[in-house]
Amino acid sequence: MTAPVLNAADPAAIARAAEILRGGGLVAMPTETVYGLAADASNPQAVAGLYSAKGRPRFNPLIAHVGGFEEAARHGQASGLAERLAAAFWPGPLTLVLPARPDCGVCDLARAGLDTVALRAPAHPAAQSLLAAFGGPLVAPSANPSETISPTTAAHVVEGMGEAIDLILDGGPCRVGVESTVVAVRGEGATLLRPGGLSRAEIEAVSGPLADAKPGETGSPGMLRRHYAPNARLRLNASAPETGEAYLGFGPGAPDGALNLSPEGDLAEAAANLFSCLRRLDRETGAIAVAPVPEAGLGEAINDRLRRAAG
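Take a look at the structure:
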């Protein structure tokens, strides 16, 4: 049976979702980045059910969503730099990976057995309402089968996971459209583990220069080589489509009739449209050519997702 879809702005829907989560169930919730599949972060059985529903490898850690910094500091050892980053960017599309406290309330399974914990305070009002109603941290990876395109609308969740979960909260299209930026913080040092909805330059204005993750580093969610992938074959940095390919453009000058991430060349608009455009073209064709997207700003996250989608 397909999960019911309820209006995320309805307090009764939030109360029902919190009840399901307390019982170990799975609820899709809107965030400003993508729709997340929420489960009780302290409940190993609920987390195991989430991994199973997504088909996600258990060595891939999950992000625990919290109401704010005070709650995050109960689970992770937060340095002064971590507190400054949270003050600047929370609630918002930034995940902080911190050393886990000995009494961390995020279970070992959710942390993939690591000595760290990934924490984020989401900005979407429905996510904040659900966290408050539930009263604890919620793990919430993207609400789609592992390795497929992330959902940015409730309809995308129904399409990919409607038969596998208990409830879907519909909060409209996601504003940012790509997952959070993930930064590991130990003391006053910070490492960029995953580019995302907050640009490197914005973070470095607070943190100073970010170190880059070492190849093969596994401390961050969403870093599998193949991820966010359509069924169609992707060809990147294409100036024009070849025979049999659909074209996904960026900026002015795309061929007439082509789908365009942002006709004006706006990277924020392109990020918000990325997964929806890939889904649409994936339904229509078996091969997609994608225009070059600058690596600057949010382009770093867009290109990261495209490279992983191409495998």
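Mapping the sequence shown onto numbering that gives the first Met the number 0, position 19 (from 1) lands on 18, and the numbers just tick up by one. Quick reminder that beta carbons are idealized off the backbone N, C-alpha and C, glycines included.
{"Asked": "Sorted by chain position, which residues of the same chain lie with C-beta nearer than 7 Å to ALA269's C-beta, five sequence neighbours on each side aside?", "Found": "PHE249, LEU260, SER261, VAL292, ILE301"}
{"Asked": "So, is THR30 buried or exposed, given that buried needs 16 or more other C-beta atoms within 10 angstroms?", "Found": "buried"}
{"Asked": "Tell me the rounded alpha-carbon separation between PHE88 and THR180.", "Found": "11 Å"}
{"Asked": "Any idea what DSSP makes of ARG83, helix, strand or coil?", "Found": "helix"}
{"Asked": "Since LEU20 contacts ALA27 with CB under 8 Å, what's their CB separation in whole angstroms?", "Found": "With a Cβ gap of about 11 Å, LEU20 and ALA27 do not count as contacting."}
{"Asked": "Between which two residues does the alpha helix (DSSP H) harbouring HIS64 extend?", "Found": "Not the alpha helix (DSSP H): HIS64 falls in the beta strand (DSSP E), residues 62-64."}
{"Asked": "Measure the beta-carbon distance from GLU241 to ALA288 and round it to whole angstroms, keeping in mind my assumption that it falls under 8 Å.", "Found": "7 Å"}
{"Asked": "For GLU203, collect the residues of the same chain with a Cβ closer than 7 Å to its Cβ; drop the 5 residues on either side in sequence, then sort them by chain order.", "Found": "LEU209"}
{"Asked": "Of all the options GLU299, ALA139, LEU168, ALA239, which has the alpha carbon lying nearest to the alpha carbon of PRO10?", "Found": "LEU168"}
{"Asked": "Can you name the start and end residues of the beta strand (DSSP E) that MET160 belongs to?", "Found": "Segment 153-160 is the alpha helix (DSSP H) holding MET160; no beta strand (DSSP E) there."}
{"Asked": "Sort ASN6, GLY23, GLY310 by Cα distance to ASP165 and report the nearest one.", "Found": "GLY23"}
{"Asked": "Smallest Cα separation from ALA7: which of GLY256, HIS123, ASN230, GLY161?", "Found": "HIS123"}
{"Asked": "What does the alpha-carbon distance come out to for the pair GLY134 and ALA85?", "Found": "20 Å"}
{"Asked": "At what residues does the beta strand (DSSP E) containing ASP169 begin and finish?", "Found": "166-169"}
{"Asked": "For the beta strand (DSSP E) holding ALA38, just list the boundary residues, first then last.", "Found": "35-39"}
{"Asked": "Buried or exposed: PRO101, going by 16 or more other Cβ atoms within 10 Å of its Cβ?", "Found": "exposed"}
{"Asked": "Among residues of its own chain, excluding the 5 on either side of ALA63, which ones have a beta-carbon nearer than 6 Å to its beta-carbon?", "Found": "ALA40, VAL105, LEU118, PRO136, VAL138"}
{"Asked": "Compare the beta carbon distance of GLY298 and LEU266 with 8 Å and say whether it is the shorter of the two.", "Found": "yes"}
{"Asked": "Of the choices ALA132, GLN76, SER145, whose alpha-carbon is the least far from that of VAL116?", "Found": "GLN76"}
{"Asked": "Can you tell me whether DSSP reads PRO98 as helix, strand or coil?", "Found": "strand"}
{"Asked": "Which residues bound the alpha helix (DSSP H) around ILE301?", "Found": "298-309"}
{"Asked": "Use the C-beta contact count for THR147: other C-beta atoms within 10 angstroms, 16 or more gives buried, fewer gives exposed.", "Found": "buried"}
{"Asked": "Does DSSP put ARG57 in a helix, a strand or coil?", "Found": "coil"}
{"Asked": "How is TYR246 classed by DSSP in three states: helix, strand or coil?", "Found": "strand"}
{"Asked": "Below 8 Å on the Cβ atoms is my contact criterion, and I expect ARG110 with PRO150 to pass it. Report the Cβ-Cβ distance as a whole number of Å.", "Found": "Contact doesn't hold; Cβ gap of about 24 Å is too wide."}
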